[in-house]
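The structure appears below as structure tokens.
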């Protein structure tokens, strides 16, 4: 085996030992309150959605199916820390019910020391980012996520890597990447369960390459 490959496999094994893994939720590492993540979002029906001011209010056609959203929260505390960002994603605006996964998130974060105090948005949720408009739909549900606890800036490269994957599809160029020109962070996924199971290894490879 190539020595470089051997080092990589050792690093992946280490990260896997540290992973918190419950159905549909994988959190790798335990050293940071910041991180990069991929949400798995299931849209139960076709939608034509206006996403705030994105592309001047253009109606975006979103076929039913699974979507991946790549995001990051790189602060060690506050609203832009990893736990609070993920809980915000699982919260809908106004009196709408939260995503079913939200309670599991809060419980799991407490058990693994990710975040502290009340993780719910203090003033409710105002739709701002592209992804907020998709996640606010009653027909969209967060089915799970993979995250890595690290302050390394991985989001841009990870989104590009997933965009180049043959099992993903760009529905609308630039979607979900408000502050990363040239990237697309919301991708339709046409892969099966094995595609989603491969994400922890993808994340482990990214942190190895970014270190």
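Residue numbers (the numbering used here): 1 to 211.
Where is the CB? At the ideal position from N, CA and C, for every residue including glycine.
Which term fits residue 226, buried or exposed, when burial requires 16 or more other beta carbons within 10 angstroms of its beta carbon?
Missing from the structure shown is residue 226; the chain here goes from 1 to 211 and no further.
Whole runs of the beta strand (DSSP E) within the region 120 to 208, excluding any shorter than 3 residues:
Runs of the beta strand (DSSP E) inside the region 120 to 208: 140 to 149, 168 to 170, 186 to 189.
Identify, in the order they occur along the chain, each residue of the same chain with its Cβ nearer than 8 Å to the Cβ of residue 175, setting aside the five sequence neighbours on each side.
Answer for residue 175: 51, 54, 60, 130, 184, 185, 186, listed in chain order.
Can you check whether the CB of residue 157 is closer than 8 Å to the CB of residue 31?
Residue 31 is not a Cβ neighbour of residue 157, given a cutoff of 8 Å.
Check whether the region 158 to 171 and the region 112 to 122 are in contact - that is, three or more C-beta pairs closer than 8 Å.
In short, these stretches do not touch, since the Cβ pair count stays below three.
Taking a contact to mean a Cβ-Cβ separation below 8 Å, would you say residue 40 touches residue 195 in this structure?
It is not a contact, given that the beta carbons lie outside the stated cut-off.
How is residue 84 classed by DSSP in three states: helix, strand or coil?
Note: residue 84 maps to helix in three-state DSSP.
Would you mind reading off the limits of the beta strand (DSSP E) that contains residue 108?
Looking at the DSSP string, residue 108 is not in any beta strand (DSSP E); the run it does join, the alpha helix (DSSP H), is 102 to 112.
Bridge partners for residue 72 per DSSP, in chain order?
DSSP lists 36 as partners of residue 72.
If you draw a straight line from the alpha carbon of residue 33 to that of residue 76, how long is it in whole angstroms?
One C-alpha to the other measures close to 5 Å.
Is residue 47 near residue 93, with beta carbons less than 8 Å apart?
No, they are not a contact pair.
Along the beta strand (DSSP E) that carries residue 47, what are the first and last residues, could you check?
Residues 47 to 50.
Limits of the beta strand (DSSP E) - the one that residue 61 falls within:
In this chain, the beta strand (DSSP E) harbouring residue 61 covers 59 to 62.
Do you know how far the Cα of residue 151 is from the Cα of residue 43?
So the two alpha carbons sit approximately 30 Å from each other.
Please classify residue 8: does DSSP put it in a helix, a strand, or coil?
Annotation note: pLDDT 48 at residue 8 (below 50); position unreliable, coordinate value reported separately. If DSSP states are grouped into helix, strand and coil, residue 8 belongs with the helices.
By a C-beta neighbour count over all protein chains shown, 10 Å radius and 16 as the cutoff for buried, is residue 181 buried or exposed?
A residue is called buried when at least 16 other Cβ atoms come within 10 angstroms of its Cβ; residue 181 does not meet this threshold and is exposed.
Same chain only: Cβ atoms within 8 Å of residue 63, ignoring 5 sequence neighbours per side:
Excluding residues within five positions, the ones whose Cβ falls inside 8 Å are 43, 46, 171, 188.
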